[in-house]
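*Asks:* Residues are numbered in this note's numbering as their position in the sequence shown, beginning at 1, plus a constant of 132.
Just so it is clear, CB atoms sit at the ideal spot from N, CA and C, and this is done for glycine as well.
Please read these numbers as outputs of a predicted model, since none were measured by experiment.
To start, I am sharing the structure in question, which I have written as structure tokens.
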Amino acid sequence: MLPVSQAEMWKVLGISSREGSELIGHLLGDKLIRRARIKIDGKWTFLLESANGNGHAKKTDYSVLLSGDRFSPCCGCKNDCVPASCMQLAEWVISK
133 MLPVSQAEMW
143 KVLGISSREG
153 SELIGHLLGD
163 KLIRRARIKI
173 DGKWTFLLES
183 ANGNGHAKKT
193 DYSVLLSGDR
203 FSPCCGCKND
213 CVPASCMQLA
223 EWVISK
């Protein structure tokens, strides 16, 4: 994400400033973006940019959750079990 003004972002996304402010609050809270207060055409706004500075969101490596093309059985599991005695997990580990 190249630096973009907050006002321009609202226009592109087609959302209100209130909705945009909520979105920005979440992104700032998760440290995904940073913003700087600037003046454009005599009006104050914020310039938004990626927090890591390279214009791309940080990528998460999910490969540890995969065995070939199969997700770990623990992903989304709602069972209250002990991993040491979980047959689904044991079978998944063996298949790796």
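Starting from K143 and walking both ways along the alpha helix (DSSP H), at which residues does that stretch end?
*Replies:* 138-145
*Asks:* Report the rounded CA-to-CA distance for T177 versus V144, giving the unit in angstroms.
*Replies:* 16 Å
*Asks:* Hey, L179 and I165 are a contact pair by Cβ (cut 8 Å); roughly how many whole angstroms apart?
*Replies:* Actually they are not in contact, since the Cβ atoms of L179 and I165 sit about 10 Å apart, beyond 8 Å.
*Asks:* State the DSSP-derived secondary structure class of S195, mapped to helix, strand or coil.
*Replies:* helix
*Asks:* Compute the Euclidean distance between the alpha carbons of G292 and H158, then round it to the nearest angstrom.
*Replies:* With the chain represented from 133 up to 228, any question about residue 292 goes unanswered, as that position is not in the structure.
*Asks:* In whole angstroms, give me the CA-to-CA distance for S217 and C206.
*Replies:* 13 Å
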